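Residue numbers (this note's numbering): 1 to 145.
Working notes, structure below.
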């Protein structure tokens with residue numbers, strides 16, 4: 001991994017997790033030493049600071065906000081170097097990291113080669129790129145916004 005921490009963040013209005021009043025939230029998702037982590041923080045006038053966070057799968061609503069309105073938005077993968085001749089290895093990594101079936105992995109590989117693959121948020125795609133690199137595939141993340 002080129003960096004130990006990769007992240008994206010977004011701000012939005014939401015109901016306070018403590019009392020339900022409308023507050024501004026600062027939220028994000030990060031890849032920290034190979035693990036996905038997420039957080040949502042508010043500072044409510046009535047409740048004070050409230051934080052929700054976790055490791056692993058990011059809640060669907062937060063993930064959707066990051067893809068639609070995050071600083072980086074959706075990200076993709078670009079294969080570099082000698083990766084073109086290693087389709088089977090790329091598909092194995094896609095299947096393992098993204099829980100894809102064989103046909104889905106083949107389609108994803110075609111989308112990567114065509115430059116239209118969007119694998120998720122920047123931290124999610126950075127994790128995929130790390131797995132590709134660990135398998136000997138030269139790859140990098142690319143912005144799709």
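Positions of the beta carbon are idealized from the N, C-alpha and C atoms, including for glycine.
These figures come from a predicted structure and were not determined experimentally.
Within the stretch 54-121, the runs of beta strand (DSSP E) at least 3 residues long that lie entirely inside it are, in chain order, 74-79. In the three-state scheme derived from DSSP, where H, G and I count as helix and E and B as strand, residue 130 is classed as helix. In terms of CA proximity to residue 8, 32 leads the group 23, 130 and 32.
Approximately 6 Å separates the beta-carbon atoms of residue 128 and residue 77; this is inside 8 Å, confirming the contact. Around the beta carbon of residue 68, fewer than 16 other beta carbons sit within 10 angstroms, so the residue counts as exposed.
Residues of the same chain with a CB within less than 8 Å of the CB of residue 80, apart from the 5 flanking positions on each side, are 138, 139 and 140 in chain order.
Nearest Cα to residue 40 within the set 27, 124 and 61: 27. When rounded, the separation of the alpha-carbon atoms in residue 55 and residue 34 is 11 Å. In chain order, 24, 25, 26 and 27 place their CB closer than 8 Å to the CB of residue 11, counting only its own chain and leaving out the 5 sequence neighbours on each side.
When secondary structure is reduced to three states using DSSP, residue 123 falls in the helix class. In the DSSP assignment, residue 44 falls within the unbroken beta strand (DSSP E) covering 35-44.
Counting only residues of its own chain and dropping the five nearest sequence neighbours on each side, residue 105 has a CB closer than 6 Å to the CB of 91, 94 and 95.
Rounded to the nearest whole angstrom, the CA to CA distance from residue 116 to residue 122 is 15 Å. Taking residue 118 as the centre and dropping the five residues before and after it, the same chain places the C-beta of 74, 76 and 144 closer than 6 Å to its C-beta, in chain order. By a beta-carbon distance limit of 8 Å, residue 42 contacts residue 16. Their separation comes to about 6 Å.
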